[in-house]
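Worksheet for the structure shown next.
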């Protein structure tokens with residue numbers, strides 16, 4: 491920045507143009523659908539565990555007060571994990587991080603079925619807290635990371651819409667399983683297949699051809 495009326499010197503560094511794919515370009519890339527699928531599965535299943543958190547834990551033998559207290563453990567863990575996850579996203583390959591975050595979702599769904607007392611409930615609550623921190627950080631990071639900032643609003647708008655739809659319907663499969671008296675633990679373990687598949691697909695994320703960071707962040 492220079493005072494008004496003073497022309498810039500020839501040696502002043504020119505501002506770089508903000509990079510970003512258009513919405514149409516983004517929709518033609520595999521990355522868009524890989525990210526959308528992964529984030530949708532996260533929003534669906536995180537919502538499922540939030541909605542039925544207390545009920546699942548009481549079904550596993552915890553009293554209602556202790557089950558509710560696990561929310562506090564989850565919330566504190568999520569708050570602590572978010573800046574750590576953010577630093578890891580800056581340091582490590584994004585495809586590996588996305589895969590790892592989806593595997594944390596798998597761990598949440600499996601660990602809740604293994605709760606048989608307070609210690610195992612705390613383990614689940616901590617894993618689920620990390621799961622929440624990962625999910626919230628991913629939603630803010632992945633879109634500009636792969637599609638830039640120039641047309642971020644239109645791209646992220648579509649992605650967020652899909653995520654909200656996923657969250658809206660996320661609790662329905664569990665509710666159906668409950669209504670038909672299906673084994674709930676078996677249902678939760680089956681739900682874990684979705685993020686597990688998405689974790690494998692996440693490894694196919696690649697740096698966009700036009701990205702100024704290509705060749706650096708994919709190492």
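In the working numbering, the protein residues as written are 491 to 709.
Backbone N, C-alpha and C define an ideal beta-carbon position, used for all residues, glycine too.
Keep in mind that this is a model prediction, so the values were computed, not measured.
Burial state of residue i (16 or more Cβ within 10 Å)
| i | result |
| --- | --- |
| residue 523 | exposed |
| residue 584 | buried |
| residue 507 | exposed |
| residue 651 | exposed |
| residue 639 | exposed |
| residue 617 | buried |
| residue 654 | exposed |
| residue 676 | exposed |
| residue 673 | exposed |
| residue 569 | exposed |
| residue 658 | exposed |
| residue 510 | buried |
| residue 633 | buried |
| residue 670 | exposed |
| residue 693 | exposed |
Continuous alpha helix (DSSP H) stretch holding residue i: start and end
| i | result |
| --- | --- |
| residue 544 | 543–549 |
| residue 625 | 608–637 |
| residue 490 | With the chain covering 491 to 709 only, the question about residue 490 has no answer from this structure. |
| residue 670 | From DSSP, residue 670 is part of no alpha helix (DSSP H); its letter is neither H nor E. |
| residue 581 | 554–581 |
| residue 584 | 584–602 |
| residue 695 | From DSSP, residue 695 is part of no alpha helix (DSSP H); its letter is neither H nor E. |
| residue 657 | 642–659 |
Beta-carbon separation (whole angstroms), residue i vs residue j, contact threshold 8 Å
| i | j | result |
| --- | --- | --- |
| residue 698 | residue 631 | Residue 698 to residue 631, Cβ: 15 Å. No contact. |
| residue 592 | residue 685 | 4 Å |
| residue 582 | residue 695 | Actually they are not in contact, since the Cβ atoms of residue 582 and residue 695 sit about 13 Å apart, beyond 8 Å. |
| residue 688 | residue 590 | Going by Cβ atoms, the distance from residue 688 to residue 590 rounds to 12 Å, so no, they are not a contact pair. |
| residue 512 | residue 656 | No, residue 512 and residue 656 are not in contact; Cβ-Cβ is about 24 Å, not under 8 Å. |
| residue 649 | residue 526 | 6 Å |
| residue 517 | residue 602 | 36 Å between Cβ atoms; not a contact. |
Minimum Cβ-Cβ distance from residue i to chain B less than 7 Å
| i | result |
| --- | --- |
| residue 531 | Absent here is chain B; the protein component of the structure consists of one chain. |
Q: Decide yes or no for the touch test of the segment 639–654 against the segment 590–600: beta carbon pairs closer than 8 Å, at least 3 of them.
A: They do not touch, by the three-pair rule.
**Q.** Inter-stretch contact at 8 Å, needing at least 3 Cβ pairs: the segment 609–628 / the segment 571–586
**A.** Short answer: they touch.
Q) Using 8 Å as the Cβ pair cut-off and three pairs as the minimum, do the segment 534–543 and the segment 652–662 touch? A) They touch, by the three-pair rule.
Q: Give a yes or no on contact between the segment 544–560 and the segment 601–620, applying the rule of three or more CB pairs nearer than 8 Å.
A: A contact exists between the segment 544–560 and the segment 601–620.
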